[in-house]
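I have placed the structure first, in the form of C-alpha cells, so that the comments after it can refer back to it.
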Amino acid sequence: MWKKSLALLFLFMLLLLAACGGDDQDTGGSTDDGGDSGSGDEDTVEIFSWWTGAGEEDGLLALIDLFEEKHPDITVENAAVAGGAGTNAKAVLATRMQGNDPPSTFQVHGGAELNESWVAADKMTPLNDFYEENELTDKFPEELLDLVSKDGDIYSVPVNIHRGNVLFYNMELFEENDIEVPTTLDEFVDVLEQLDSAGVVPLALGDKESWPATQIFENLLLATLGPNDYRGLWAGDVSFDDPRVVEAAEYFQTIIGYVNEDHASRNWQDAAQLVGGKEAAMTNMGDWAKGYFSNDLDLETNQDFGYFAFPGTTEDFMVITDTFGLPDGVENPDTVKEFLSVLASVEGQDAFNPLKGSIPARVDADTSKYDEYGTDTMEDFQNSNLTPSLAHGSAASEGFLTKINQEVNIFVTQQDVDQFIEKLKQAEGEL
Ligand code: GAL
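Numbering (my numbering), first residue to last: 308 to 738.
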C-alpha cells in the first residue's frame, strides 16, 4: 500500500513539474520580467547566425569560448545555418519567428533588416534598460545606435562593423603587372583592361548567390551618386532612372566583362581563393574576406594581399553591422542578456573582431589586438561618410532587396542596361 502511495506522490510531482515548465509556450509579449520558467532551458542559450565554415565562424567560436569560460553553467547551442549574407538563414529565421519559436538571439543587420522586419512586427524586446545597466549607451558610435534603434528604443547590440566597399588584391600580381591602385572608376576600368591584356583574370566574382554582384552594384551607385544622393535613393528622394543610376549600371556592365568565367558556380570564398592563389588580381568583398585571407588561407596583410577602397568611394565607408537582440517570447531573457553583455564587452568584441576581419563596434576597444588592416579601417571609419549597405540589409526592406538580387542576377547574364533600370524603377514601390 505505502508503495502505491509513494508512486502516486511521485507521479503528482512529475505532473507539477511539467505544468510549471509548460506555461513557457505562450508567454508572448515582453519577457523583460525575467520569465523564470523553471525549465532546463534556463541554462541554454541558442545563438542563431549564418557564420559557419571557412571565413565565417572563427570569430563566433572565439566569442562562444569566452562566454563559456565566464558562464560554465550555461550551455551554448550554436544554431548557424550556412550560406553567405544569410541567404538561407534568413528564411529559416522567418519561419521560426512566424511560428513563435524564436532562437534565444539571432544575427541581424542594423538598419532596415532589424527595424522594418522584426521591430516593426513587434517581435523584439527593447534593450534600453540593458544598455543602461551595462553602461553601454556612450560606448558605441551614435550612427550605429541609430541603426539599431526605432522610435527612441534600442533593439540590438552591434558586435562589429564590416566595410563593404573594399577591393582586396594580390600584391604580387599588381607588382608584376605594374599596376597602380585605382582611385576613380575610369582608372579602375583601365586597370581591368591592363590586367586582361596581360592574360590575368582582373576581377574574381563568386555570384552563385547573387548578393556579391549586388554588392558591386551598390558600390558603383555610391561612386556615381556620392554619399548624400546614395542615401537619398533609399529615402525615395532620388529616382532609379536618375542618369547617375544609369551610369552605375553602365559601369557594372563594363566590369562584368572582366570577371572569371565560372563566377556563377563560385561563392565568395571560392572567388577570394582565386586572388589568394594568384589566379585573379582583385575581388570586391566585405572585409570578412580579410578574416578568410588571414585565418583560412594564412596570407599576410600588406604582403600577400593588399586592399583599397572601391574606386570613386575613397572618402566613404559602406557600413555593415552584425547585431544581436532579444526576441519577444524567449523563455530565459536573463540568460540571453548574459550572452549579450559578453558580446557587448570590450573583451568580447576584441575576441571576435580580429578573427572576423571587422572592426569593433565599441569605441573603446583595444586597437593593439588588430593588424594594419584593422587599424586602417578604424581610422577610415572615423573620417569617412558612412553609408548603409543595400546588399547587407541596412538600406532597404528585405522585399526590395530580394527583388534587386533577382534583377542583378538577370542583369549579370543578359547585361541589358535599359531593362535593368526599368526593373529597378518598378521595384521602387517596395522601398
Ligand atoms: C554579411 C555579414 C557578415 C558576413 C557576410 C558573408 O551579411 O554581415 O558578417 O558573414 O555576410 O556571409
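Glycine is no exception: its CB is placed at the ideal position from the N, C-alpha and C atoms.
field: CB contact flag (residue 700, residue 390, <8 Å)
entry: The answer is no: Cβ separation not under 8 Å.
query: Taking contact to mean at least 3 C-beta pairs separated by less than 8 Å, is the segment 663-681 in contact with the segment 374-387?
result: Judged by Cβ distances under 8 Å, the segment 663-681 makes no contact with the segment 374-387, as fewer than three pairs qualify.
task: Can you say whether residue 670 is buried or exposed, counting buried as having 16 or more other CB atoms within 10 angstroms of its CB?
output: Around the beta carbon of residue 670, fewer than 16 other beta carbons sit within 10 angstroms, so the residue counts as exposed.
query: If you pair each beta-carbon of the segment 607-618 with each one of the segment 468-482, do three or more pairs fall below 8 Å?
result: A contact between stretches requires three or more CB pairs, one per stretch, nearer than 8 Å, and the segment 607-618 meets this requirement with the segment 468-482.
query: Does the ligand GAL have even one heavy atom less than 7 Å from the beta-carbon of residue 595?
result: Within the cutoff, so yes.
- request: Determine the contact status of residue 635 and residue 446, defining contact as a CB-CB distance below 8 Å.
  value: In this structure, residue 446 does not lie closer than 8 Å to residue 635 by Cβ.
task: Run the CB neighbour count on residue 472, radius 10 Å, all protein chains shown included, and call it buried at 16 or more, exposed below.
output: So residue 472 ends up on the buried side.
field: Segment limits, alpha helix (DSSP H) that includes residue 680
entry: For residue 680, the enclosing alpha helix (DSSP H) begins and ends at 679-690.
Residue 626, enclosing beta strand (DSSP E) - first and last residue: Per DSSP, residue 626 belongs to the beta strand (DSSP E) from 623-627.
- prompt: Going by the CB atoms, is the gap between residue 560 and residue 724 shorter than 8 Å?
  reply: Result yes, Cβ atoms of residue 724 and residue 560 sit closer than 8 Å.
task: Compute the distance between the beta-carbons of residue 414 and residue 357, then report whether it is under 8 Å.
output: Against a cut-off of 8 Å, the Cβ pair of residue 357 and residue 414 comes out as a contact.
Residues that DSSP places opposite residue 476 in a beta bridge: For residue 476, which the question treats as bridged, DSSP gives the partners 589 and 613.
message: Excluding the 5 residues flanking residue 745 on each side, which residues of the same chain have their C-beta closer than 6 Å to its C-beta?
response: Beyond the ends of the chain as shown, which are 308 and 738, falls residue 745; an answer cannot be given.
task: Closer than 7 Å by C-beta to residue 691: which residues in its own chain qualify, once you throw out the five before and the five after it? Chain order, please.
output: Excluding sequence neighbours, residue 691 sits near 622, 623 and 624.
The segment 487-503 / the segment 700-710 touching (three or more Cβ pairs under 8 Å): Taking a cut-off of 8 Å on C-beta distances, the segment 487-503 does not touch the segment 700-710, as fewer than three cross pairs fall below it.
query: With respect to the alpha helix (DSSP H) encompassing residue 738, which residues constitute its N-terminal and C-terminal limits?
result: Annotation: residue 738 is outside any alpha helix (DSSP H) and is labelled neither H nor E by DSSP.
query: So, are the CB atoms of residue 662 and residue 631 less than 8 Å apart?
result: Contact: no.
field: Boundaries (first-last residue) of the beta strand (DSSP E) holding residue 510
entry: Here the beta strand (DSSP E) through residue 510 covers 508-511.
- prompt: Can you tell me whether DSSP reads residue 640 as helix, strand or coil?
  reply: DSSP places residue 640 in the helix class (H, G or I) of the three-state scheme.
task: Determine the contact status of residue 509 and residue 588, defining contact as a CB-CB distance below 8 Å.
output: If you check the CB distance, residue 509 and residue 588 come in under 8 Å.
- prompt: By how many angstroms is the C-alpha of residue 721 removed from the C-alpha of residue 516?
  reply: One C-alpha to the other measures close to 17 Å.
Proximity below 8 Å, CB of residue 384 to CB of residue 432: The Cβ-Cβ distance between residue 384 and residue 432 does not fall below 8 Å.
query: Can you find a heavy atom of the ligand GAL that lies under 7 Å from the Cβ of residue 458?
result: No, the beta carbon of residue 458 sits no closer than 7 Å to any heavy atom of the ligand GAL.
- prompt: residue 555: buried (16+ other C-beta within 10 angstroms of its C-beta) or exposed?
  reply: Flag for residue 555 reads buried.
- request: Would you kindly check if the distance between the Cβ of residue 639 and the Cβ of residue 349 is under 8 Å?
  value: Against a cut-off of 8 Å, the Cβ pair of residue 639 and residue 349 comes out as a contact.
- prompt: What three-state label does DSSP hand residue 421 in the structure shown?
  reply: Residue 421: helix per DSSP, three-state reduction.
- prompt: Since residue 497 contacts residue 570 with CB under 8 Å, what's their CB separation in whole angstroms?
  reply: Contact check for residue 497 and residue 570: beta-carbon distance about 22 Å, past the 8 Å limit, so the pair fails to qualify.
field: Whole alpha helix (DSSP H) elements within the segment 364-421, 4-residue minimum
entry: The qualifying runs are 365-377 and 396-405.
Proximity of residue 444 and residue 633 at Cβ, strictly below 8 Å: No, these two residues do not count as a Cβ contact at 8 Å.
- prompt: Can you give the Cα-Cα distance for residue 553 and residue 529, rounded to whole angstroms?
  reply: Answer to the nearest angstrom: the Cα atoms are 13 Å apart.
- request: Ignore the nearest five residues each way along the sequence and tell me which others in residue 329's own chain have a CB closer than 8 Å to its CB.
  value: Because residue 329 carries a pLDDT of 32, less than 50, the predicted location of this residue cannot be relied on, and no value is offered for it.
- prompt: Leaving out five residues before and five after residue 484 in sequence, what residues of the same chain have Cβ atoms less than 8 Å from its Cβ?
  reply: Result list for residue 484: 501, 502, 505, 507 and 588, in chain order.
- prompt: Between residue 603 and the ligand GAL, is the CB less than 7 Å from at least one heavy atom?
  reply: Look at residue 603: its beta carbon is at least 7 Å from all of the heavy atoms in the ligand GAL.
query: What distance in whole Å lies between the Cβ atoms of residue 590 and residue 511, which are believed to be in contact at a cut-off of 8 Å?
result: That belief holds up - the Cβ atoms of residue 511 and residue 590 are roughly 4 Å apart, short of 8 Å.
message: Can you determine whether any heavy atom of the ligand GAL sits closer than 7 Å to the C-beta of residue 420, and answer yes or no?
response: Checking the Cβ of residue 420 against the ligand GAL gives no.
- request: Determine the extent of the alpha helix (DSSP H) in which residue 818 is found, giving its start and end residues.
  value: As displayed, the chain neither begins before 308 nor continues past 738, which places residue 818 out of reach and without an answer.
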